[in-house]
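*Asks:* Residue numbers (full-length UniProt numbering): 1 to 259.
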Amino acid sequence: MSRFNHLFSSTIGKKLIMSLTGIFLSLFLVVHLIGNLQLFKDDGGLAFNQYAYFMTSFGPIKIISYGLYATIVLHAVYALVVTIRNRKARPIAYKSYNGAANSPWNSRNMGILGTIILIFIVTHMSNFWYKYHWGGTPYVEYVTNLQNGETQVNELSEAEFTGYINYVDADKQILKAKDLYKQVNFAFQNGFLVLFYVLAMVALGFHLAHGFKSAFQTLGFAHNRYAPLIKWIGFWIFGILIPLGFAAMPLYSFFVVNG
């Protein structure tokens with residue numbers, strides 16, 4: 001077996017892969033949050049639907065998306081393998097062990113948190129990604145007056161929709177698109193789904209707060225010069241700000257748009 005194969009079949013190699021994939025997924029969350037902030041615009045979903053089309057049609061983004069799906073699977077599989085290997089290494093538990101005195105709660109329960117997040121990802125993609133690509137998403141037409149900037153929103157039937165179209169006719173900008181914005185607000189009429197999303201974001205916050213710091217430690221960034229900054233970013237940006245931003249979306253839809 002080559003050194004390369006030996007490295008990535010070892011526990012250290014698996015943790016290295018988990019770290020690299022975890023950092024990539026963390027960066028994706030930043031980009032995804034920025035794009036999804038279009039949901040808060042009071043424009044009938046125009047900006048959000050344009051963003052959704054761009055993310056699903058632009059070639060380089062589509063390639064990155066396939067890499068993202070593979071990364072999610074790889075991260076989850078390697079996390080499971082490392083967890084099982086660690087338990088097999090010590091089949092008999094300590095007679096006396098106070099976990100809270102040695103490590104924070106989220107570091108001891110990364111597997112549980114990761115499982116909740118994985119269930120959330122499956123739910124999220126089935127509600128929006130799947131329906132956007134293979135049916136179930138309604139259609140919309142935006143007619144924007146270029147002189148005064150006012151936009152008229154018209155529902156379209158499936159027969160009237162012939163694909164994403166964006167053109168200028170006289171003094172009007174006309175856009176026809178899949179209405180993922182309406183699909184999102186329709187889904188978030190369900191209070192139980194909203195509650196699940198919020199709880200999943202709490203789990204995501206705990207998972208990222210520990211995982212972000214742990215990933216950089218695995219990669220060797222444990223020096224006192226870097227550790228405080230990495231810990232601060234992991235806690236405040238990925239543990240608090242990003243989950244809070246994502247949780248605000250279903251709450252905004254449920255209480256403001258649908259309320």
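We treat Cβ as the ideally placed atom computed from N, Cα and C, and that holds for glycine.
Please read these numbers as outputs of a predicted model, since none were measured by experiment.
1. Hey, could you find the ends of the beta strand (DSSP E) Thr144 is sitting in?
2. Would you say Lys14 and Val82 are within 8 Å of each other, going by their C-beta atoms?
3. Just grab the DSSP bridge partners of Gln173 for me.
4. Please name the residue in Ile242, Gly220 and Gly59 whose C-alpha comes closest to that of Leu208.
5. Roughly how many whole angstroms lie between the Cα atoms of Ala247 and Phe54?
6. Nearest-angstrom Cα distance between Asn190 and Tyr181?
7. Within the same chain, show all residues whose beta-carbon is closer than 7 Å to that of Leu118, passing over the 5 residues directly before and after it, in chain order.
8. Can you give, in chain order, each stretch of the alpha helix (DSSP H) that sits fully within the stretch 192-238 and has at least 4 residues?
9. Under three-state DSSP, which class holds Met1?
10. Buried or exposed for Thr144, going by 16 or more other Cβ atoms inside 10 Å?
11. Counting Cβ pairs closer than 8 Å, one from the stretch 215-231 and one from the stretch 162-180, do we hit at least three?
12. Alpha carbon to alpha carbon, what distance is there between Ser126 and His133?
13. If we count Cβ pairs, one from each stretch, closer than 8 Å, do we get three or more for the stretch 183-198 versus the stretch 151-159?
14. Assuming contact is defined by CB atoms lying nearer than 8 Å, are Val140 and Ala177 in contact in what I supplied?
15. Is DSSP giving Gln152 helix, strand or coil here?
16. Can the beta-carbon of Ser107 be found closer than 8 Å to that of His210?
17. Going by DSSP, name the residue or residues bridged to Lys178.
18. Under DSSP, the alpha helix (DSSP H) around Lys131 begins and ends at which residues?
19. Checking 8 Å against the spacing of the C-beta atoms, do Gln183 and Phe120 come in under that value?
20. Are at least three pairs of beta-carbons, each pair with one atom in the stretch 64-71 and one in the stretch 17-29, less than 8 Å apart?
21. Taking just the CA atoms, how far does Ala47 sit from Leu113?
22. Could you check the C-alpha separation between Ala79 and Arg85 for me, to the nearest Å?
23. On the three-state DSSP scale, how would you describe Asn109?
24. Quick check on DSSP: helix, strand or coil for Thr115?
25. Using the rule of at least 16 other Cβ atoms within 10 Å of the residue's Cβ for burial, across every protein chain shown, is Ser57 buried or exposed?
26. When you measure from the CB of Ile117 to every non-hydrogen atom of the ligand FAD, does any distance come out below 7 Å?
27. Around the Cβ of Gly163, are there at least 16 other Cβ atoms within 10 angstroms (buried) or fewer (exposed)?
28. Gly67 by DSSP, collapsed to three states: which one?
*Replies:* On the basis of the supplied data:
1. Tyr139 to Asn145
2. yes
3. Thr144 and Val168
4. Ile242
5. 23 Å
6. 15 Å
7. Ala76
8. 227-232
9. With a pLDDT of 49 at Met1, under the threshold of 50, the modelled position of this residue cannot be trusted, and the question is left open.
10. buried
11. no
12. 10 Å
13. no
14. yes
15. strand
16. yes
17. Tyr139
18. Tyr130 to Trp134
19. no
20. yes
21. 33 Å
22. 10 Å
23. coil
24. helix
25. exposed
26. With respect to the ligand FAD, the structure offers nothing, as it holds no ligand at all.
27. exposed
28. helix
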